[in-house]
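As structure tokens, the structure follows; a few thoughts come after it.
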């Protein structure tokens, strides 16, 4: 790869390059690992998991559903970073990466919060034990913890997350899409993908579960937007103070 030259085409200048590299490393590394996690579900080792058969495949599980879109967001972010590094940035790719990343920031929180809450509430009922026996040790931490860590790291490091109205509309579409898939898979397969929903009174359980998920999703989106604004303000303040300190040092020489 040729070195980045600030004066050629659209190549980033040195300050932009310094901020670009950490985000590029994060997006590329996370995308490769997340892709590895997704590919596991197509392997013979995953054939024993409940989601491997039936209508909707693993996509009928919220975890896999959001993780798939988060992997796509990381792929777009990595592509945007590499294109920018080469001086060939594509605005459309950058916008899609931004909007999808903001959407999945909220989605990752819904998955992890609801998973751990349900697991805690059903810890003594054996609901998860049957599936855990066929999962590699790294699978659950990747889709129920690392997904949130990567979402926060992306939001804080990339410095490009706008949480725009477009991403809000994408969030709505993502939620409605899963609600449709959840109920359609329940109808086609004769049961919901989650055992606790099959044992509870319907349609009350579905309504409450969906309502809780929507509230967590909306709250996470708003929290991400607020945190992103504060983080950018903090970085700008630190940068300004650093520049002022350098000026003071330069005057003293």
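Numbering (my numbering), first residue to last: 11 to 263. Just so you know, even glycine gets a beta-carbon here, dropped at the ideal spot from N, CA and C. Keep in mind it's a predicted model, so treat the numbers as computed, not measured.
Which of the three DSSP states, helix, strand or coil, is assigned to residue 235? If DSSP states are grouped into helix, strand and coil, residue 235 belongs with the helices.
Could you round the C-beta distance between residue 184 and residue 234 to whole angstroms and report it? I think they count as a contact, below 8 Å. So it is not a contact: roughly 14 Å between Cβ atoms.
Residue 184 CB to nearest chain B CB: under 9 Å? As a matter of chain content, chain B is missing from the structure shown, which is built from one protein chain.
Reference residue 226; option with closest CA among 109, 56, 121 and 179: 121
C-beta atoms of residue 33 and residue 164 nearer than 9 Å: yes
Can you check whether the CB of residue 65 is closer than 9 Å to the CB of residue 56? The Cβ-Cβ distance between residue 56 and residue 65 does not fall below 9 Å.
Give the range of the alpha helix (DSSP H) segment to which residue 131 is assigned. 101 to 131
Run through the stretch 187 to 238 for me and flag every whole beta strand (DSSP E) of 3 or more residues, listed as ranges in chain order. For the stretch 187 to 238, not a single whole beta strand (DSSP E) run of length 3 or above is found.
With DSSP as the reference, label residue 96 as helix, strand or coil. coil
How many angstroms separate the CA atom of residue 63 from the CA atom of residue 83? 27 Å
Could you tell me if the beta carbon of residue 108 falls within a distance shorter than 8 Å of some heavy atom in the ligand FAD? In terms of ligand content, the structure shown is empty, and the ligand FAD therefore cannot be addressed.
For residue 186, tell me which candidate among 108, 75 and 168 has the shortest Cα-Cα distance. 75
According to DSSP, is residue 30 part of a helix, a strand, or is it coil? Residue state for residue 30 is assigned as helix, using DSSP reduced to three classes.
Where residue 13 and residue 97 are concerned, what is the direct C-alpha to C-alpha distance, given to the nearest angstrom? For residue 13, the predicted model reports a pLDDT of 40, less than 50, meaning its position is unreliable; a value from the coordinates is still stated below. Straight-line Cα distance between these residues: approximately 11 Å.
Label residue 88 either buried or exposed according to how many other C-beta atoms from any shown protein chain fall within 10 Å of its C-beta, with 16 as the threshold for buried. buried
Residue 166 - containing alpha helix (DSSP H), residue span: Under the DSSP assignment, residue 166 falls in the alpha helix (DSSP H) whose first and last residues are 157 to 168.
Is the stretch 145 to 153 in contact with the stretch 193 to 202, if contact means three or more CB pairs nearer than 8 Å? Between the stretch 145 to 153 and the stretch 193 to 202, the count of Cβ pairs shorter than 8 Å is below three; the stretches do not touch.
For residue 64, which of helix, strand or coil comes out of DSSP? In this structure, residue 64 counts as coil in the three-state DSSP scheme.
What does the alpha-carbon distance come out to for the pair residue 171 and residue 81? Between residue 171 and residue 81, the C-alpha separation is close to 16 Å.
Going by Cα to Cα distance, which pick from 144, 162, 174 and 78 is closest to residue 54? When only C-alpha atoms are compared, the closest one is 144.
Kindly give me the distance between the Cβ atoms of residue 115 and residue 230, rounded to whole angstroms, as I take these residues to be in contact under 8 Å. 7 Å between Cβ atoms; contact.
C-alpha gap between residue 174 and residue 73, whole angstroms: Approximately 24 Å between the Cα atoms of the pair.
Return the CA-CA distance between residue 208 and residue 101, expressed in angstroms with no decimal places. 46 Å
Under a Cβ-count criterion, where at least 16 other Cβ atoms within 10 Å of its own Cβ denotes burial, should residue 94 be classed as buried or exposed? buried
Per-residue burial, residue 42 [other beta carbons within 10 Å of its own, 16 or more giving buried]: exposed
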